[in-house]
Structures are given as structure tokens and as C-alpha cells.
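**Q** Mind looking over this structure? Questions follow.
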Amino acid sequence: MNNKKVDMTHGPLLGKLIIFTIPIILSGVLQLLFNAADVIVVGRFAGEASLAAVGSTGALINLMTNLFIGMSIGANVCAAQAYGAGNDDDISKTVHTSIAFSLICGVILIFIGLFGARPMLEVMGSPEDVIDLSTLYVRIYFLAMPAIMLYNFLAAILRASGDTKHPLEFLTIAGIINVILNLFLVIVFKLGVAGVAIATVSSNLISCFLLVQFFMMQNDSLKLHLTKIAIDKRILKKIVRIGLPAGIQGTVFSLSNVVIQSAINSFGTAVIAGSAAAGSIEGFVYISMNSVSQTTVTFVGQNFGAGNEKRVKKVVFETLAIVIVVGLIMGNLAYFFSTDLLGIYTESQDAIIAGRLRLFWVCCPYFLCGIMDTLTGGLRGLGHSFAPMIVSLLGACATRLIWIATYFQIHHTQDVLFFSYPGSWFLTLSVHSICLIIIYKKWVKKKESEIRI
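Residue numbers for the sequence shown follow this note's numbering, beginning at 2 and rising by one.
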């Protein structure tokens with residue numbers, strides 16, 4: 002395992018940032034392929050209504066899960082700072098506390114999915130020809146929540162140790178199985194939406210099982226002892242202190258996206274299908290940029306734990322440069338090849354036209370979102386999660402909701418609706434940058450005063 006770990010606190014930085022980030026990007030891409038395979042298979046073999054049903058559930062699923070998945074960021078920061086400080090006992094406690102806590106979260110989510118899916122889809126204005134299929138997909142999908150939560154927490158801890166390659170290997174295996182099951186259950190058994198949901202659940206169970214086995218085979222502070230699975234109150238408090246604001250931020254972001262999805266639903270099934278296909282394509286650009294943000298959290302966390310303020314500053318500047326390049330290249334390529342990419346998902350020309358319009362407004366300026374997330378990652382790595390939450394809630398989420406409730410009601414067009422994305426990103430990243438500068442300077446000043454004492 003050691004040859005797959007990255008030393009974050011010593012040596013040249015840029016190459017390590019890239020080496021660390023690439024497996025996270027590929028892992029995220031594989032996770033998106035779970036959903037993309039679902040969308041493509043149902044779009045090709047089960048019809049436009051099934052495509053709209055599966056594709057339009059993304060915002061709702063994120064709304065229902067982001068609060069809990071955000072907690073894994075707390076586990077990542079907690080473990081990263083413990084690694085930077087060389088505290089093996091805290092690393093072990095973080096592993097076992099995270100397992101217990103993630104399983105509790107997963108069980109809670111099963112009930113949320115089973116009983117909350119249809120009422121929330123009704124609130125979103127899901128069309129009559131779509132809502133039954135969407136409800137079925139969400140309910141089956143949420144049966145895998147304990148495995149999904151456990152995987153997210155353990156993968157976050159593994160990233161904190163400097164290892165991003167093993168999660169990629171496990172997801173590769175699960176991703177291949179997911180695609181095979183998708184084709185088999187939908188084409189051969191004609192299960193439609195239920196088939197792709199069952200395939201996704203199965204693949205998540207497999208990836209989780211492989212990761213748990215990996216932790217059980219370790220011989221260092223990461224080793225999983227089944228008898229030690231319990232919640233350490235001190236560690237849990239730290240995880241929640243950092244993870245809860247991140248989770249709330251993700252939840253409210255998802256809420257704003259649910260409102261946007263509701264607005265999209267008002268344009269009809271073709272626009273819903275096109276937006277769903279475009280959203281799947283956007284996901285590949287977003288996950289690439291968000292992977293840089295995850296790298297920022299981990300590198301800043303370890304160097305904060307090690308007390309290396311100069312390296313923290315360098316991490317933030319270099320990850321910002323990386324995310325701008327990634328966002329500009331991938332976002333504009335996604336729009337340039339949008340017709341061909343959307344054609345993979347659907348043959349409907351109306352859906353393709355609607356999808357291209359969304360990709361123009363979202364993907365071309367997507368680097369702004371990358372900057373926003375990377376700055377947030379720097380703040381969280383320093384142990385500050387509340388400030389970016391407040392800024393994001395006001396700068397991004399509130400702005401979108403106000404925009405939709407006011408200007409969009411007067412000018413009811415897709416262009417006006419999708420402009421809410423880049424506008425809110427720019428506003429939020431501007432405030433995030435100010436917060437990061439202030440918090441960093443306070444930390445440096447505190448360290449200098451401690452040295453003088």
C-alpha cells in the first residue's frame with residue numbers, strides 16, 4: 002500500500018497534486034458512469050419517459066443524501082490533520098467511528114428514500130407520465146444507502162492517508178459489473194427503470210465490500226477491527242463540526258437545484274429529457290473540478306496538521322491554477338461536441354436542442370464553479386466549514402432562488418433559468434476568496450505569537 006501513498010508534506014508539490022488528483026477524477030468518472038449507463042440504457046431501450054424518469058431524479062437524490070455525504074468531508078479532514086500531526090491513535094479512532102456513524106446514516110436514508118420519494122417528486126412537479134417510474138427508481142436506489150455511505154467515509158479516510166488509487170481499482174470492478182447488469186436486466190429481462198436501479202445497487206454493494214476488505218487487511222493505523230467499531234465522542238464531534246456545515250451546504254445547493262429542476266419540468270418532457278442528458282455530461286466536467294477541491298482539502302489538512310503555513314498557501318494557489326485549466330478545457334469541449342454527446346443519450350431532436358442550450362450556460366463558464374469549490378476546499382482543510390457554508394447559502398443558493406422567484410417568472414425562458422448558475426458562482430467565489438485570506442492570515446498570526454511565547 003505504501004507505494005500508492007503520496008507524501009503531502011514534503012518535496013515538490015505540483016506533480017504530487019496531479020498524481021493525487023487523477024485517480025480521484027477517474028473514480029468520480031466511474032461513479033458517474035453508474036448513472037450515465039442507467040440514463041443511456043433506458044433512453045435507448047426503454048423510451049423517453051424512462052430517460053426523463055431516471056435523469057430527473059439526480060437533484061432529488063442529492064437533496065436527500067448530501068447532508069450525510071457531507072459528513073465524510075469531516076472524516077477526511079479529521080484523518081488528514083491526524084496524519085499531518087503523526088497521531089496514529091486518532092487515525093484508528095477516525096476509521097472505526099466513521100464506520101459506525103456511516104452505517105447509522107445509511108439506515109436512516111433507506112427510510113427517507115422509501116417514504117419520502119413520491120411526496121418530494123410531487124412537490125417538484127414531476128409529470129404524470131414520469132412520476133411512477135421516478136419513484137420506483139429512487140426507492141430501489143436507496144436500498145444501497147448503507148453501502149454508499151460506508152464507501153464514501155472509508156474512501157475519504159483513504160484519501161487522507163495519501164492513497165487515491167485503491168478506491169479507483171475497486172470502482173473499476175464495480176463499474177464494469179454495473180454496465181453488464183444494466184444491459185442484461187433492461188434488454189434481456191425488460192425490467193426498464195427497475196433494472197438499472199438494481200444494477201446500480203449491486204455495483205455499490207460490490208465496491209463497498211472490496212473497500213471494507215481492504216481496510217481489514219491493513220497492518221497499520223488504518224486496520225479495521227470489527228470489535229472496535231464504535232463511536233468515539235471526541236472524534237465524532239470533530240467530524241460533525243466540519244462535516245455538518247459541509248452537508249448542510251450540499252443539501253441547500255441541492256435544494257436550489259431541485260427548484261431549478263421544478264422550473265425545468267414546466268417546459269415539458271422533451272426539455273426534461275434533454276436537461277437530464279446534459280446534466281449527465283456536465284457531471285463529468287464537474288467531478289473533474291471537484292476532484293481538485295478534494296485534493297485541496299486533503300493537502301491543506303495534512304499541512305495544517307503539520308503546521309506548514311507556507312506549503313498550505315502554495316497548495317491553494319497551485320490547485321486553483323489546475324482547476325481553472327481543467328474547467329476551461331473540459332467545459333468548452335463538452336459544449337463543442339454537445340450534439341454528438343447528447344445523441345448518445347437520446348435520438349429526440351427537441352431534447353438535443355434543449356440539452357445544448359443548458360450545456361452552453363453551464364459548461365462554458367464552469368471553471369467559475371471549480372474556483373468556488375477549490376476555495377471552499379482550502380477553508381475546510383484549515384478546519385473552517387461554517388464560513389463557506391454561510392457564504393454558499395447566501396451567495397449561490399439564495400441568489401438562485403431569488404432569481405427564479407423574480408426575474409424568471411417575468412421572462413420564462415431556459416436562457417434566463419440557466420443564467421442563474423454562472424451568476425451565482427461568480428458572486429460566491431468572490432466572497433470565498435476574501436474569507437480564505439482572512440482565516441489564513443489569522444492562523445499565521447496565531448502561530449507566530451505562539452512561537453514568540
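Ideal placement from N, C-alpha and C gives every residue a C-beta, glycine not left out.
1. Would you identify the three-state DSSP class for residue 164, choosing helix, strand or coil?
2. Would you tell me roughly how many angstroms separate the C-alpha atoms of residue 103 and residue 374, rounded to the nearest one?
3. Exposed or buried, what is residue 1 when buried is set at 16 or more other beta-carbons lying within 10 Å of its beta-carbon?
4. Short of 7 Å in beta carbon distance, which residues of its chain neighbour residue 122, apart from the five on each side in sequence? Order them along the chain.
5. Closer than 8 Å is the cut-off here; do at least three beta carbon pairs connect the segment 374-383 with the segment 287-305?
6. With respect to the alpha helix (DSSP H) encompassing residue 70, which residues constitute its N-terminal and C-terminal limits?
7. I need the straight-line Cα distance from residue 332 to residue 222, nearest angstrom please.
8. I'd like to know if the segment 28-42 and the segment 247-265 are in contact, where contact means that at least 3 CB-CB pairs between them fall below 8 Å.
9. Going by DSSP, what residue range makes up the alpha helix (DSSP H) through residue 89?
10. Taking Cβ to Cβ, would you say residue 433 is nearer than 9 Å to residue 376?
11. Spatial neighbours of residue 54 within its chain, please: C-beta separation below 7 Å, excluding the five flanking residues on both sides.
12. By the 10 Å Cβ neighbour count, where 16 or more other Cβ atoms means buried, how is residue 311 classified, buried or exposed?
13. May I ask you to report which of helix, strand or coil DSSP gives residue 315?
14. Which residue comes first and which comes last in the alpha helix (DSSP H) that contains residue 143?
15. Measuring straight from C-alpha to C-alpha, what distance separates residue 80 and residue 372?
16. So residue 186 packs on residue 196, CB below 8 Å; how close in whole Å?
17. Under the assumption that residue 250 contacts residue 71 (Cβ atoms under 8 Å), give the Cβ distance between them as a whole number of angstroms.
18. Do you know how far the Cα of residue 429 is from the Cα of residue 111?
19. Classify residue 443 as helix, strand or coil using the three-state DSSP reduction.
20. If I measure Cβ to Cβ from residue 26 and keep anything under 8 Å in the same chain, skipping five residues before and after, which residues do I get?
21. Assign residue 295 to one of two classes, buried (16 or more other C-beta atoms within 10 Å of its C-beta) or exposed (fewer than that).
22. So what's residue 191 in DSSP terms, helix, strand or just coil?
23. Is it right to say residue 49 is buried, meaning 16 or more other beta carbons lie within 10 angstroms of its own, or is it exposed?
24. Specify whether the segment 200-208 and the segment 167-182 touch according to this definition: at least 3 beta carbon pairs, one from each stretch, less than 8 Å apart.
25. To which residues of the same chain is residue 417 closer than 6 Å at the C-beta, ignoring the five residues directly before and after it?
26. With DSSP run on the structure shown, which of helix, strand or coil describes residue 6?
27. Would you call the segment 418-428 and the segment 360-372 in contact, with 3 or more CB pairs under 8 Å?
28. Give every residue of the same chain whose Cβ lies closer than 7 Å to the Cβ of residue 396, excluding the five residues on either side of it in the sequence, and list them in chain order.
29. Here's the rule: buried if 16 or more other CB atoms are within 10 angstroms of the residue's CB, otherwise exposed. What is residue 150?
30. Measure the beta-carbon distance from residue 144 to residue 202 and round it to whole angstroms, keeping in mind my assumption that it falls under 8 Å.
31. Find the nearest neighbour of residue 188 within the set 438, 449 and 47, judged by alpha-carbon distance.
32. For residue 218, which three-state DSSP category applies?
**A** Here's the rundown:
1. Position 163 of the sequence shown, counting from 1, holds the residue named residue 164. In this structure, residue 164 counts as strand in the three-state DSSP scheme.
2. Indexing the sequence shown from 1 puts residue 103 at position 102. Indexing the sequence shown from 1 puts residue 374 at position 373. Residue 103 and residue 374 have their C-alpha atoms roughly 24 Å apart.
3. For residue 1 there is no data in the structure shown, the boundaries of the chain being 2 and 454.
4. Counting from 1 along the sequence shown, the entry for residue 122 is found at position 121. Within the same chain, residue 122 has close Cβ partners 61, 132, 135 and 136.
5. Yes: the two stretches touch, three or more of their Cβ pairs being nearer than 8 Å.
6. Translated into the one-based positions of the sequence shown, residue 70 becomes position 69. Start and end: 59-70.
7. As a first step, residue 332 is located in the sequence shown; it is residue number 331 there, counting from the start. As a first step, residue 222 is located in the sequence shown; it is residue number 221 there, counting from the start. If I take the Cα positions, the gap works out to 40 Å.
8. They do not touch, by the three-pair rule.
9. Taking the first residue of the sequence shown as position 1, residue 89 is located at position 88. Secondary structure note for residue 89: its alpha helix (DSSP H) is the uninterrupted segment 89-124.
10. The residue labelled residue 433 in the question sits at position 432 within the sequence shown. The residue labelled residue 376 in the question sits at position 375 within the sequence shown. Going by C-beta atoms, residue 433 is nearer than 9 Å to residue 376.
11. One-based indexing of the sequence shown puts residue 54 at position 53. Excluding sequence neighbours, residue 54 sits near 131, 134, 135, 138 and 194.
12. Within the sequence shown, numbered from 1, the residue matching residue 311 stands at position 310. Result: exposed.
13. Position 314 of the sequence shown, counted from the start, is the residue given in the question as residue 315. In the structure shown, residue 315 sits in a helix (DSSP, three-state: H, G or I).
14. The residue labelled residue 143 in the question sits at position 142 within the sequence shown. Counting along the chain, residue 143 sits inside no alpha helix (DSSP H), nor does DSSP assign it H or E at all.
15. Locating residue 80 in the sequence shown gives position 79, where the first residue counts as 1. Locating residue 372 in the sequence shown gives position 371, where the first residue counts as 1. Straight-line Cα distance between these residues: approximately 24 Å.
16. Reading the sequence shown from its first residue, position 185 is the one you call residue 186. Reading the sequence shown from its first residue, position 195 is the one you call residue 196. Rounded to whole angstroms, the Cβ separation of residue 186 and residue 196 is 3 Å, and the two are in contact under 8 Å.
17. On the sequence shown, residue 250 is found 249 positions in, with the first residue counted as 1. On the sequence shown, residue 71 is found 70 positions in, with the first residue counted as 1. Taking the Cβ atoms as the reference, residue 250 lies roughly 7 Å from residue 71, within the contact range of under 8 Å.
18. Stepping through the sequence shown from its first residue, residue 111 is reached at position 110. Stepping through the sequence shown from its first residue, residue 429 is reached at position 428. In this model, residue 111 and residue 429 are separated by some 33 Å (Cα to Cα).
19. By 1-based counting over the sequence shown, the position of residue 443 is 442. Residue state, collapsed to three classes: helix.
20. Against the sequence shown, residue 26 aligns to sequence position 25. Excluding sequence neighbours, residue 26 sits near 288, 289 and 292.
21. Residue numbering aside, residue 295 sits at position 294 when the sequence shown is read from its first letter. Residue 295 is classed as buried because its beta carbon has at least 16 other beta carbons within 10 Å across all chains shown.
22. Position 190 of the sequence shown, counted from the first residue, corresponds to residue 191. Residue 191 falls in the coil class under three-state DSSP.
23. One-based indexing of the sequence shown puts residue 49 at position 48. Buried, since its Cβ has 16 or more Cβ neighbours within 10 Å.
24. Contact between the segment 200-208 and the segment 167-182 is present, because at least three Cβ pairs lie under 8 Å.
25. Position 416 of the sequence shown, counted from the start, is the residue given in the question as residue 417. 409.
26. Working through the sequence shown from its first residue, we reach residue 6 at position 5. Taken through DSSP and simplified to helix, strand or coil, residue 6 comes out as strand.
27. Between the segment 418-428 and the segment 360-372, the count of Cβ pairs shorter than 8 Å is three or higher; the stretches touch.
28. Against the sequence shown, residue 396 aligns to sequence position 395. The beta carbon of residue 396 sits closer than 7 Å to the beta carbons of 425, 428, 429 and 432 from its chain, once the five residues preceding and following it are set aside; these are given in chain order.
29. For this step, residue 150 is matched to residue 149 along the sequence shown. Buried: at least 16 other Cβ atoms inside 10 Å.
30. Position 143 of the sequence shown holds residue 144. Position 201 of the sequence shown holds residue 202. The pair is a contact, with the Cβ atoms about 6 Å apart (cut-off 8 Å).
31. Here residue 188 corresponds to residue number 187 of the sequence shown, with the count starting at 1. The alpha carbon of residue 188 has as its nearest neighbour, out of 438, 449 and 47, the alpha carbon of 47.
32. Sequence index remark: in the sequence shown, residue 218 carries index 217 (1-based). Note: residue 218 maps to coil in three-state DSSP.
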